[in-house]
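Structure first, commentary second.
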Amino acid sequence: MEDLTQWPPGPFELSEALVLAAQLVPPGLAVSYGGLAGLLGAGGPRQAGRAMSGAPDGTPWWRIVRADGSLPPSLSVRATPHYREERTPLKGHPGNPTAGPDGGPHLRVDLARARWEPDEAELAVLAALRSGLG
DNA sequence: AGCGTGACGAGTA
DNA sequence: ATACTCGCCACGC
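Going left to right, the first sequence walks through residues -1 to 132 as this note's numbering numbers them.
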């Protein structure tokens, strides 16, 4: 990580802050839509979802998932290769290895193991984003 | 102003 | 596990 303590912030739109927060999530980890908003102390899950839908290329949208670790079917399929590459802990029924064709539309991230817990530096950035809102 | 829609979440059956 | 409800809230019509 680089200079996380001082991002140039001007006032942020909430949607923009949510995208920046999403970009803090490290590979292999994930956080729920509601969790992301919670870390910013603003907005809610629906706003986080809306922000991800319009997020610029390069944003790791697959690291932001539903509270149960899933994503909408279409997105889940596109997310699968990323999870494989990042070794993201997935939840699978012991008997049913994976789920479906290419990893499956209904696979889920195992948030119990993969949940992102911001470290000190990351928390500082989140605080900066929070204070730079509006 | 209304009203439908959505990359949500929790609860209930 | 599926299929509903509600509550939520920003957007666009």
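Glycine residues also receive a C-beta, built at the ideal position from the N, C-alpha and C atoms.
Check: Three or more beta-carbon pairs under 8 Å between the stretch 9 to 18 and the stretch 104 to 115, yes or no?
Finding: no
Next item on the list: Output the distance between the C-alpha atoms of TRP114 and LEU131, rounded to the nearest integer angstrom.
Entry: Straight-line spacing of the CA atoms in TRP114 and LEU131 works out to 22 Å.
Note to self: Using only the alpha-carbon positions, how far apart do LEU88 and ALA46 sit?
What the structure shows: Straight through space, the alpha carbons of ALA46 and LEU88 are spaced by roughly 22 Å.
Check: Based on the DSSP output, what are the partners of LEU16 in its beta bridges?
Finding: Its beta-bridge partners do not exist; DSSP assigns none.
Checklist line | GLY101 versus ARG44, VAL75, ARG85, PRO54, residue with shortest Cα-Cα distance | finding: VAL75
Notebook entry, point to check: Relative to the alpha-carbon of THR78, which residue among PRO103, ALA49, GLN21 has its alpha-carbon at the smallest distance?
Noted result: PRO103
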